[in-house]
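Some notes on the structure that comes next.
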Amino acid sequence: QQQVKQSPQSLIVQKGGISIINCAYENTAFDYFPWYQQFPGKGPALLIAIRPDVSEKKEGRFTISFNKSAKQFSLHIMDSQPGDSATYFCAARDSARQLTFGSGTQLTVLP
Amino acid sequence: DAGVIQSPRHEVTEMGQEVTLRCKPISGHDYLFWYRQTMMRGLELLIYFNNNVPIDDSGMPEDRFSAKMPNASFSTLKIQPSEPRDSAVYFCASSLTLTRRVDTQYFGPGTRLTVL
Chain G
1 QQQVKQSPQS
11 LIVQKGGISI
21 INCAYENTAF
31 DYFPWYQQFP
41 GKGPALLIAI
51 RPDVSEKKEG
61 RFTISFNKSA
71 KQFSLHIMDS
81 QPGDSATYFC
91 AARDSARQLT
101 FGSGTQLTVL
111 P
Chain S
1 DAGVIQSPRH
11 EVTEMGQEVT
21 LRCKPISGHD
31 YLFWYRQTMM
41 RGLELLIYFN
51 NNVPIDDSGM
61 PEDRFSAKMP
71 NASFSTLKIQ
81 PSEPRDSAVY
91 FCASSLTLTR
101 RVDTQYFGPG
111 TRLTVL
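Residue numbers (the numbering used here), protein chains in the order written: chain G, 1 to 111; chain S, 1 to 116.
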């Protein structure tokens, strides 16, 4: 019930391409959906987040698309750059403020 | 602000020894979270505090694990006795509750624990 399923596990994209990472959840009580970016040896850092009353949020090259009825949300990275190479985690927060994380996607952007 | 501070950054110990991990949250934040990250299990929430009070410790794997938050600026996660399967990166995160606003969890750099 608390799971957040993330795919793909790894993704290789050419520089300038679009990276798309998908997540799905079951618990309709989740009220906040952040994406975290983690570089090797560092802690996760918030990248972008969305609330379920919004279908899309864009910040620079990063966009979250949210489909409440399908209980799915995705991260799109436009014009992907080698510096975007990192592990990306989707997450969902419940009313108790606990975050449940997806399993992560290792993104590699080739120069 | 210096962000969430964790110490030590790396810890190598032998099985059976006591390990204490430390965390200083961002000043003014009222929530503090302890996570464990492994390749096999990903990021797992162990325990979290609100205003220094433990709210949910259901993620703590065993009685060998304990966490305290004696004041708003300091928390510890203790493992006694440690076992090789406890080897992982342990993260501390903090957040500030904002009325009618979403809050953000800020993560520390983590402590990489290796139990031999």
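Even glycine gets a Cβ: it sits at the ideal position worked out from N, Cα and C.
Open item on the list: Against chain G, with Cβ distances strictly below 8 Å, would D57(S) count as a contact?
Closed with: For the purposes of this step, residue 57(S) is taken as the residue at position 57 of the second sequence. Not closer than 8 Å to any Cβ of chain G, the Cβ of D57(S) fails to qualify, so no.
Task: C-beta neighbour in chain G for G42(S), strict 8 Å - done: Your numbering for residue 42(S) matches position 42 in the second sequence. Interface with chain G (8 Å Cβ-Cβ cutoff): G42(S) is included.
- [ ] Using a Cβ-Cβ cut-off of 8 Å, state whether G104(G) counts as contacting chain S.
- [x] Taking the first residue of the first sequence as 1, we reach residue 104(G) at position 104. When Cβ-Cβ separations below 8 Å define contact, G104(G) makes contact with chain S.
Open item on the list: Quick check on T114(S) - is its C-beta less than 8 Å from some C-beta in chain G?
Closed with: Numbered from its first residue, the second sequence carries residue 114(S) at position 114. So, not an interface residue.
- [ ] Determine whether the Cβ of R97(G) lies closer than 8 Å to any Cβ atom of chain S.
- [x] Numbered from 1 along the first sequence, position 97 holds the residue referred to as residue 97(G). Chain S, which has a Cβ nearer than 8 Å to the Cβ of R97(G), makes this yes.
Open item on the list: Quick check on L45(S) - is its C-beta less than 8 Å from some C-beta in chain G?
Closed with: Here residue 45(S) is taken as the residue at index 45 of the second sequence, counted from 1. With respect to chain G, the C-beta atom of L45(S) has a partner C-beta closer than 8 Å.
Open item on the list: When you compare the CB of K58(G) with every CB in chain S, is at least one pair closer than 8 Å?
Closed with: As a first step, residue 58(G) must be located in the first sequence, where it is residue number 58. False, the Cβ-Cβ gap to chain S never drops below 8 Å.
TODO: Assign M69(S) to one of two classes, buried (16 or more other C-beta atoms within 10 Å of its C-beta) or exposed (fewer than that).
DONE: Working through the second sequence from its first residue, we reach residue 69(S) at position 69. Counting Cβ neighbours within 10 Å, M69(S) comes out buried, since at least 16 surround it.
- [ ] Please classify P25(S): is it buried, with 16 or more other beta-carbons within 10 angstroms of its beta-carbon, or exposed?
- [x] As a first step, residue 25(S) must be located in the second sequence, where it is residue number 25. Under a 10 Å Cβ-count criterion, P25(S) is classified as buried, with 16 or more other Cβ atoms of the shown protein chains found around its own Cβ.
Open item on the list: Please state whether the Cβ-Cβ distance between Y90(S) and R41(S) is less than 8 Å.
Closed with: Position 90 of the second sequence, counted from the first residue, corresponds to residue 90(S). Position 41 of the second sequence, counted from the first residue, corresponds to residue 41(S). Not a contact, by the Cβ cut-off of 8 Å.
Open item on the list: If you reduce the DSSP assignment to three classes, tell me which class P114(G) lands in.
Closed with: There is simply no residue 114(G) to check, as chain G begins at 1 and stops at 111 in what is shown.
- [ ] Closer than 7 Å by C-beta to S95(G): which residues in its own chain qualify, once you throw out the five before and the five after it? Chain order, please.
- [x] Position 95 of the first sequence, counting from 1, holds the residue named residue 95(G). Correct list, in chain order: A29, D31.
- [ ] Consider the Cβ of F66(G): report whether some Cβ of chain S lies at a distance smaller than 8 Å.
- [x] Taking the first residue of the first sequence as 1, we reach residue 66(G) at position 66. Any Cβ of chain S closer than 8 Å to the Cβ of F66(G) would place that residue at the interface, and such an atom is absent.
Task: Bridge partners - N67(G), DSSP secondary structure assignment - done: Working through the first sequence from its first residue, we reach residue 67(G) at position 67. Partner(s): Q72(G).
Task: Status (buried if at least 16 other CB within 10 Å, exposed otherwise) for V12(S) - done: Position 12 of the second sequence, counting from 1, holds the residue named residue 12(S). With fewer than 16 other Cβ atoms within 10 Å, it is exposed.
TODO: Closer than 8 Å by beta-carbon distance: list the chain S residues that pair up with L46(G), in chain order.
DONE: The sequence position of residue 46(G) within the first sequence is 46, counting from 1. Ordered by position in chain S, the residues that pass the 8 Å Cβ test against L46(G) are T104, Q105, Y106.
Open item on the list: In whole angstroms, give me the CA-to-CA distance for G28(S) and L11(G).
Closed with: The residue labelled residue 28(S) in the question sits at position 28 within the second sequence. The residue labelled residue 11(G) in the question sits at position 11 within the first sequence. G28(S) and L11(G): Cα-Cα distance of roughly 38 Å.
- [ ] Name, please, each residue of chain S whose Cβ falls closer than 9 Å to the Cβ of K42(G).
- [x] Numbered from 1 along the first sequence, position 42 holds the residue referred to as residue 42(G). Result: F107, P109, G110.
TODO: State buried or exposed for V54(G), treating a residue as buried only when at least 16 other CB atoms are found within 10 Å of its CB.
DONE: Looking up residue 54(G) in the first sequence gives position 54. That one is exposed.
- [ ] Please check if any C-beta of chain S sits within less than 8 Å of the C-beta of F170(G).
- [x] Nothing in the structure corresponds to residue 170(G), since chain G is present only between 1 and 111.
Task: Length of the line joining the Cα atoms of L75(G) and V109(G) - done: The residue labelled residue 75(G) in the question sits at position 75 within the first sequence. The residue labelled residue 109(G) in the question sits at position 109 within the first sequence. If I take the Cα positions, the gap works out to 15 Å.
Task: Minimum Cβ-Cβ distance from F65(S) to chain G less than 8 Å - done: For the purposes of this step, residue 65(S) is identified with residue 65 of the second sequence, where counting begins at 1. Residue-level contact by beta carbon fails for F65(S) and chain G, as no gap is shorter than 8 Å.
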